[in-house]
Amino acid sequence: MKIDCDVIRDLLPLYVENMVSAKSRELIEEHLIECNKCQMILNQMKEKEPEIICDTEPIEKFRDRFRKHTITVAMVSAFITVAILIIVQGVFFLQPGDEMGYSLLNFYFILPLTALISSILIGMRDAKIKWFVPILFGMIGIFIPWIVFHNTNEVAVFFAFLPSFIGVLIGAAIQALKKKRKR
Numbered sequence: 002m003k004i005d006c007d008v009i010r011d012l013l014p015l016y017v018e019n020m021v022s023a024k025s026r027e028l029i030e031e032h033l034i035e036c037n038k039c040q041m042i043l044n045q046m047k048e049k050e051p052e053i054i055c056d057t058e059p060i061e062k063f064r065d066r067f068r069k070h071t072i073t074v075a076m077v078s079a080f081i082t083v084a085i086l087i088i089v090q091g092v093f094f095l096q097p098g099d100e101m102g103y104s105l106l107n108f109y110f111i112l113p114l115t116a117l118i119s120s121i122l123i124g125m126r127d128a129k130i131k132w133f134v135p136i137l138f139g140m141i142g143i144f145i146p147w148i149v150f151h152n153t154n155e156v157a158v159f160f161a162f163l164p165s166f167i168g169v170l171i172g173a174a175i176q177a178l179k180k181k182r183k184r
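Here the numbering used here is used: the first residue of the sequence shown is 2, the next is one more, and so on.
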């Protein structure tokens, strides 16, 4: 009995995996003796699949650079968000007579604390932008009192610039200690 090539080709994967009955194996082997095309297909199925070699080094480099810049952008964004909230609160919700209490709280505690924490986390990164952060935060320290009170106060600049500068130095020191411990 002559078996069609299509039927044999359907059975070849099972034949290669040794999952056919003895009778089916005999039929397939008889057909393979006569049919060169089916033999060629069988040989292709028996060939070892090529190994896929994946070089993960570029992916790791991208991941490291992405993390480094993501944290820096997130910390600058957090500081700017706090600054915007202070501006909105000062422009829209500050009542006459409340200036002193809220300005002390915002300009001399909340803004410097945010600058310090953000700068420490930025300073721990290997980004070169970390040395620009105190200047940026100091400029924001000038900008906020000007918007809220229509004058600039050197003390507010001091309280925005100094904590961010100290934070970057602390972060850089932490980064240096981590590198030293790794060696």
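Glycine is no exception: its CB is placed at the ideal position from the N, C-alpha and C atoms.
Apart from sequence neighbours up to five positions away, the residues of its chain that approach Val149 with a beta-carbon distance below 8 Å are Ile87, Ile88, Gly91, Val92, Leu95 and Ser104, ordered along the chain. If you ignore the 5 residues before and after Asn107, its C-beta comes within less than 6 Å of the C-beta of Ile87, all in its own chain and listed in chain order. In the DSSP assignment, Met46 falls within the unbroken alpha helix (DSSP H) covering Asn37 to Lys47.
With 16 or more other CB atoms across the displayed protein chains lying within 10 angstroms of its CB, Phe160 is buried. Within its own chain, the residues whose Cβ lies closer than 6 Å to the Cβ of Thr115, once the five positions on either side in sequence are excluded, are Phe80 and Val83, listed in chain order. For the set Asn19, Asp127 and Phe110, the Cα lying nearest the Cα of Lys180 is the one of Asp127.
Of the other Cβ atoms in all chains shown, fewer than 16 fall within 10 Å of the Cβ of Ala177; this residue is therefore exposed. In the structure shown, Cys6 adopts helical secondary structure according to DSSP, grouped into three states. In this chain, the alpha helix (DSSP H) harbouring Trp147 covers Val134 to Phe150. The beta carbon of Val17 sits closer than 8 Å to those of Leu43, Met46 and Lys47, all from its chain and outside the five residues before and after it, given in chain order.
Within its own chain, the residues whose Cβ lies closer than 6 Å to the Cβ of Lys131, once the five positions on either side in sequence are excluded, are Ile123, Gly124 and Val169, listed in chain order. Residue environment analysis places Thr73 among the buried positions, since at least 16 neighbouring C-beta atoms fall within 10 angstroms of its C-beta. In the structure shown, Arg126 falls within a coil segment according to DSSP collapsed to helix, strand and coil. When the Cα atoms are used, Ser22 and Ile29 turn out to be separated by approximately 11 Å. Counting the other CB atoms within 10 Å of its CB gives Val8 a total below 16, which places it among the exposed residues. For the pair Pro164 and Val156, the Cα-to-Cα distance works out to about 12 Å.
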